[in-house]
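4 protein chains.
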Amino acid sequence: MLPRYAYLGPAGTFTEAALRQVAGPDEATYLPQADVVAALDAVRSGDADYAVVAIENSVEGAVTAVLDTLATGEPLVLLREMLVQVSFTLAARGGTELADVGRVAAHPHAWAQCRGWLRENLPGAVHVPSTSNTASASQLAGSDELPFDAALVPPPAVSHYGLQALAHDVADNGGAVTRFVLIGHPGFVPAPTGADKTSLMVHLPDNEAGALLTMLEQFATRGVNLSRIESRPIGDELGRYSFSIDAEGHIAEARMGEALMGLRRVCPVVRFLGSYPRADAAPNEVRLNTSAAAYEDARSWVEKLRSGAAG
Amino acid sequence: MLPRYAYLGPAGTFTEAALRQVAGPDEATYLPQADVVAALDAVRSGDADYAVVAIENSVEGAVTAVLDTLATGEPLVLLREMLVQVSFTLAARGGTELADVGRVAAHPHAWAQCRGWLRENLPGAVHVPSTSNTASASQLAGSDELPFDAALVPPPAVSHYGLQALAHDVADNGGAVTRFVLIGHPGFVPAPTGADKTSLMVHLPDNEAGALLTMLEQFATRGVNLSRIESRPIGDELGRYSFSIDAEGHIAEARMGEALMGLRRVCPVVRFLGSYPRADAAPNEVRLNTSAAAYEDARSWVEKLRSGAAG
Amino acid sequence: MLPRYAYLGPAGTFTEAALRQVAGPDEATYLPQADVVAALDAVRSGDADYAVVAIENSVEGAVTAVLDTLATGEPLVLLREMLVQVSFTLAARGGTELADVGRVAAHPHAWAQCRGWLRENLPGAVHVPSTSNTASASQLAGSDELPFDAALVPPPAVSHYGLQALAHDVADNGGAVTRFVLIGHPGFVPAPTGADKTSLMVHLPDNEAGALLTMLEQFATRGVNLSRIESRPIGDELGRYSFSIDAEGHIAEARMGEALMGLRRVCPVVRFLGSYPRADAAPNEVRLNTSAAAYEDARSWVEKLRSGAAG
Amino acid sequence: MLPRYAYLGPAGTFTEAALRQVAGPDEATYLPQADVVAALDAVRSGDADYAVVAIENSVEGAVTAVLDTLATGEPLVLLREMLVQVSFTLAARGGTELADVGRVAAHPHAWAQCRGWLRENLPGAVHVPSTSNTASASQLAGSDELPFDAALVPPPAVSHYGLQALAHDVADNGGAVTRFVLIGHPGFVPAPTGADKTSLMVHLPDNEAGALLTMLEQFATRGVNLSRIESRPIGDELGRYSFSIDAEGHIAEARMGEALMGLRRVCPVVRFLGSYPRADAAPNEVRLNTSAAAYEDARSWVEKLRSGAAG
C-alpha cells in the first residue's frame, strides 16, 4: 500500500506543492482535507500515515490551529520541513480581460498580501472574500453565475482548472515563502544532519516575566539559539500562555539534550514535537564552547574529577 | 457630529457587541467594515475616528492582521480594552428542526471551537466553510438556495436577521472570551488607573536567544510583568521576528518609563501602542521594590548623592 | 607512620584547635609552620600528608594567601571543613594586674576585633603590633625585657605558656567563628553526605559584567546556590580577576556535575578544589526541580525521546 | 593651615609614595599612622582631613580592613586613586654582604611576593616575620642586636634610614602595582572626567545565587561594567556577605545613576563610596546604546510619549 498523506486540498494548493517535495503522486496516496485540523486528525485516526500542513506565514489559513492541535491530544511529531515560494496568479475564465475585472475573489490573507498590487493595477476592484483560493479557481471552472469576475489563485491551479492567467506573480512582497512541515506518529527521530531544528511546546512555571526568562535561560546557558518563539493562549482563559518554540539543533546533540533536561525540570509541561532537518539546510551555528567536542570534554572532565583526579 | 467607529461588520458580530460597550448606537456612527485591516485603514484615512477590533483569541479571524497593521505605517494607539463572552447560536430559517440539519455554515475558527458539540449533537453534519458567521446569518435571511441548512452565528444575529435558534451556547469551551480594543490616533494617553496595560511592538537587536533575553531583562530588572508576548515575522523573510507585547502598568509610572527607556536604547525599533485601562480592572501587582514610592526614593537618593550628600 | 599535619603554629593557635578536631596529638604528627603558605608547601613537597589552614574570617592572617596558593601550582584539594570559635584572652605574666597594663601586643587583626573592648576596659592602652598572637604569648613566657605588658592570645596559649589571664572572652563580637579546612592531595573525593560544599577557582572568559553573569548562570540555571564568592586578582595585573567560589552540593550530584560541565565550557580556567562535608552539617537546600530525582527523570525522559518515544 | 593627611607610616612606605602623588611634604601635614584603620579613624575623628590607604593588592597589609572600615560607621568617600609600582630592596647595615645574610625580616606579604627570588639568590635564608617592612628598616638603622641580618624594604626607606642596598627590584613578579585611594568626608563629588570609577558597598537581598544575579543585572542592564567585585563577610556570621564593587563610570552619568537607583530598590543596604578619576585615566568603554546621548534620547522619547506623542 502506498503511504497516505493528508493535506489541505483541493488539488492546486500551495500545500500540495509542499507535499510534492515529499512524495510524488505516483509514490503516495493524496488525501485532500477541508482544513489543517482535519489533516492532523486524519493521522491521529489512522486514516492517513502523514499530514502536510503550513506551519508559518501561511496565506492559506490558520497556522495557529496547527500549533494548537499539536499542543494537546495524541502526540504527533514533525519529521521534515519544506519551503514553498508563494505568489498568486490573477485568473479568470477564458476570454476575460484585465479591464473587465470588477470583483475579485480571494481569501482575506491572500487579499492582504496583494493589496498594494491591486490598488495600483485594478484600482476599483471589490474584494469578494473566499475561504479558499483554490476553491475559487474551482468555482470559476464550473459555474456561470458567480459573484466575482476573477480570483487570486495559486499558480498550479490555473492549468489544473483550465483557467486563463490575467497576471502572474501577484504579490506585494516578491520573496514570500511559506514553511510547511511533514507530520507523523512518534517512533523514530530523523538522524541529525548538522542543520536541524527541534520543535517544542512548553508551559511556563507561572505568569511572571521571570518565568519566561527562566525558561529561555535553559536554552541560552547551553548555547542553543531559537529560530522561532510564539506565545499561544492555553485553553480559553485569557492571560495564560504556552510557548511554541523552534530551537536550532537536534535532540541527539549534547547541548540540546541538556537544554531539554532543563526545560523538563523547570516547566510544568514540555512536549517534544520532533527534531528534523531544516529546509534551508543552513548548518546550525555552534559556538566553540557549545560544540559536541566541548560537551564531551566537559563530561569526561567531570567524570574524572568524580573518581578523584586532579582538576 | 457623532464620533465615527469602524468595526468588523455587519450588524450582529461579536465586534459590534464590543463596540456597544464603548458607545451606544445613539451616541456614535457605526461604520461596519469587511475586515479588521479595513477598519484600521478607515481611521488612518480619516473616514473614521476610532476602530474596534479583536486583539486576541478571536473566532472572527485574523488577529495577527491587527498586530501587523499596527506594527507599521501611520501610528495608531490602543485606548481601551473590552471583553466579550463568545458563544454561538446554531440558527436556521423558521420551521427548520435540528433533525433536518445536514450542512452547517461556519467560519473555520467557529467550527473549530464547536467541533466537540457538533460531533455529539449533529454527528453527520458537514462543514460548509464561510468567511463570516454573520454573513451566513444574513444569507439565511435572504436567499432560498443555499448550500447549507443552518449556521453557527453570534447570538445577537438571530433576532437581527429574524432567524430561529436551534441551540444556544454552542461552544466546546464554556467560558471563551475574546479581547477587543478601541484604537485611535495618538495625541493623548488615558490617565493611569492602577490597573493598566501598555502595548508595544519591538524588534530584537539580532536573532540570538541572547537578544531576546536582553530585551526581556529591560522589563524584569524594573519589575514590570508581561501579560502577553507574541512573536510576529518581520516582513516576509523567514526567521526574523518582531515581538508584540502587553506589559502590566502605565507609561506614566516610573518603572514602566524606565523599562521603555531601556528598550529604546537596546532595540533597533520600538513602537509604543498605548497605555490604557485593563478590561478586567484587576490592579497591577507591584512588588514593594518597584512601587512608585521605591522609585521616587531611589531617584531622590541619587540626586542627593550627586550633590555630595553621604550615601 | 602517623599521618603528618602541617599547620600554622606554634602550639596554642586557633589553627591547632582546628587540627585537634581532625586528629588528636596521639594519632598524628603535628608539624607547626611559620605561615599558611609554608603549610601548603609542606604538603606539596611531601614533608606533610595534610595541611590545616584558615580559609575565611581569620584573625591569624592572610586567608587570601591560602586561596592564591591553591589557585596555581600542583593541585591540592579540600577534604573537610572545621569551625573554631574565636575569642581572646588578655594574658600577662603572673603578678600583673589589669591596671598595670599600658602596652598590649596583638596581631593587627586581633586588635581590630577587640578594639571596642579595649577602648572601654583599657582606655589608654597602646597597640604593639605583632605578627603572631601566640608568639607574643611565648615571648611573655620567656623574656623579661619586652615592649609590652600584656597580649591578646588564644585561650589555649594561656596554660601552655604558663601565663595569667587578665580577661577572658575579649572580643567586640561574641560569636566570631573562623572556618578552617583540611587540605591534601587529590586521589579520592569524600562521599556525599547531603550537606556538602564544592570549592572552585575560575577565571572569567573576559572582563565584562556580562562574563560574570554568564559564569553565575551556570550555577543558577542548575539550581546550585553559592555560599561564598570572592574575587582575587590574577597575578599582578590590576583589573583581571579570578573567582574563588564555594557552591552548595557535591560533585557526585547531578546538578553540580552539570554546573561544572557548564563552567568547563564557558570559562578559560576552572580548578576543582574538592567536594567535602560542611562543618555545620546543615543539609543543602535543594529546590524540587533540581533534586536528584528531577535530574534523573529529565535524563531518562530525554533518553526515551532520543529513541523515538512520544514526548 | 595645611591640609592634614593620615597614612600608613613611618616615612618611606609605599603609602607615603602614594601620598606624595597627591600633595608634597611642603603643601601638606603628613600624619603617619600605625595601621590603615587608624588612618581612617583619624579622618572620622577630625584629627586629619584626608587619609591615603592601599585598597588593592597591597604588600603592606590588610586591605580588607579598609573595605570593612568604610562599609560601616560614619560615611567616608573615595576622592582619587593612585598607583604605585611595588618592588623591594634587600637592605642591610653598611658593610654587610649578600653572602653574610642568614635571616631576613619581612612582612609575610612581602616575603610571599619575593619567595622565588629568595629561594634562588639566598637559598638558606630564614624568614623573620615583621609587622612592617619600614619598621624593619628603622630597626636596622637603630639597634645592634637584631634577630635578622637584612630586610626587604621599600626603596625610599634605604636612603631615609641610611641603609645599604644588597639587591634592587626584588620581586618575583616584575610589574606589581598597588592601588591606593585618597579618602575624605562627603560633601562634594569630583567632576566626571570620562575616565572614572564609582565605588560601592552593597548587601544582597538574600543569600541565593539568584540574589547575586539580580544585583549584577542592575549594572548589566544599564551597560555599566564592573572593574572589581569582592565579597566580604557581614559582621561575624559566616555565610552572609556584602559586596565591595568598583563600577566603571561616574554617578553624574545617566547609566550609572539608573544602575544606582536599581540597587537602591533591590538591595537592603547600598553605601555610595564615591565617584572619582581612575589613576590610569583610561576612558571608560561605553557601548553606543548606553552613551549619555542614548540615555538622553530615551528619556526625551518617553517624555514625549507621556504627553501623547506618536511612538
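Chains as they are written, first to last, in this note's numbering: chain A, 13 to 323; chain B, 13 to 323; chain C, 13 to 323; chain D, 13 to 323. Beta carbons: idealized from backbone N, C-alpha and C, even for Gly.
Within chain A, partners of T233 of chain C - CB distance below 8 Å: E229, Q230, T233, G274, listed in chain order.
For H121 of chain C, the three-state DSSP class (helix, strand or coil): helix
Sequence ranges, alpha helix (DSSP H) only - wholly within the region 132-197 of chain D, length at least 4: 145-154, 167-172
Candidates C:H119, C:D156, C:R127, C:A322, of which the one nearest T108 of chain C by Cα: C:D156
Whole-angstrom C-beta distance between T233 of chain C and T143 of chain D, which should lie under 8 Å: The pair is not a contact, with the Cβ atoms about 46 Å apart (cut-off 8 Å).
Environment of G73 of chain C [buried if 16+ CB atoms lie within 10 Å]: Residue placement at G73 of chain C cannot be trusted, given a pLDDT of 47 that sits under 50; the coordinates are not used to answer.
Per DSSP, the bridge partner or partners of V214 of chain D: D:F255, D:V282
Distance, V281 of chain A Cα to A259 of chain A Cα: 17 Å
Cβ shell of L275 of chain C (< 8 Å), same chain only, five flanking positions each side left out: L212, V214, M227, Q230, V282
Of the residues D:A271, D:R244, D:S287, the one placed nearest V75 of chain D, counting alpha carbons only: D:R244
Sequence-distant residues of its chain with Cβ nearer than 7 Å to D248 of chain D (five each side left out): Only weak support is given to the placement of D248 of chain D: the predicted model assigns it a pLDDT of 48, under 50, and the value that follows is read from those uncertain coordinates. Nothing listed; no residue qualifies.
Start and end residues, alpha helix (DSSP H) containing V75 of chain C: 75-83
Alpha-carbon to alpha-carbon, P37 of chain B and P168 of chain B: Answer to the nearest angstrom: the Cα atoms are 14 Å apart.
Residue-chain proximity (P167 of chain D, chain B), Cβ-Cβ < 8 Å: no
CB contact below 8 Å: N133 of chain A versus chain C: No, because no Cβ of chain C sits closer than 8 Å to the Cβ of N133 of chain A.
Cβ pair H139 of chain A, D208 of chain A closer than 8 Å: no
Distance CB(Y288 of chain D)-CB(R115 of chain D) smaller than 8 Å: With contacts defined as CB atoms closer than 8 Å, Y288 of chain D and R115 of chain D fail to qualify as a contacting pair.
For V34 of chain D, the first and last residue of its enclosing alpha helix (DSSP H): 26-34
Through-space distance from P198 of chain C to E242 of chain A, alpha-carbon basis: 49 Å
Pick from D:P295, D:E265, D:G286 that is closest to T302 of chain D, judged by C-alpha positions: D:E265
CB contact check: R191 of chain C to chain A, cutoff 8 Å: no
Buried versus exposed, by CB contacts within 10 Å (16 or more), G196 of chain D: buried
Cβ neighbour criterion (16 or more within 10 Å) applied to D80 of chain A: The residue in question, D80 of chain A, is buried, as its Cβ has 16 or more Cβ neighbours within 10 Å.
Classification of P15 of chain A by the beta-carbon crowding that lies within 10 angstroms, buried from 16 upward: exposed
Cβ-based burial, E28 of chain D [other Cβ within 10 Å; buried from 16]: The C-beta of E28 of chain D has 16 or more other C-beta atoms within 10 Å across all chains shown, which makes the residue buried.
The region 297-310 of chain C: positions lying closer than 8 Å to chain A by Cβ: Taking 8 Å as the Cβ-Cβ cut-off against chain A, the residues of the region 297-310 of chain C that qualify are N301, T302, A306, Y307, D309, A310.
Status (buried if at least 16 other CB within 10 Å, exposed otherwise) for L300 of chain D: Flag for L300 of chain D reads exposed.
Selected residue, minimal CA-CA separation from A203 of chain A, among C:Q45, C:A23, C:L317: C:L317
is_contact[R240 of chain B, chain A] using C-beta, thresh 8 Å: yes
Sequence-distant residues of the same chain with beta carbon closer than 6 Å to E315 of chain B, five excluded per side: none
Rounded separation between A147 of chain C and H172 of chain C - CA only: 12 Å
N-terminal and C-terminal residue of the beta strand (DSSP E) that L91 of chain B is part of: 89-97
Own chain partners of V170 of chain C with C-beta closer than 6 Å, once the 5 adjacent residues on each side are dropped: So the list reads T101, A103, A177, once near-sequence residues are dropped.
One or two residues paired with A104 of chain C in a DSSP bridge: Within the DSSP bridge table, the entry for A104 of chain C names C:Q176 as partners.
Same chain, Cβ closer than 6 Å to A271 of chain D, neighbours up to 5 away in sequence not counted: Q230, F231, R234, V236
S287 of chain C at chain D interface by Cβ criterion, 8 Å: Not a single CB atom of chain D sits nearer than 8 Å to the CB of S287 of chain C.
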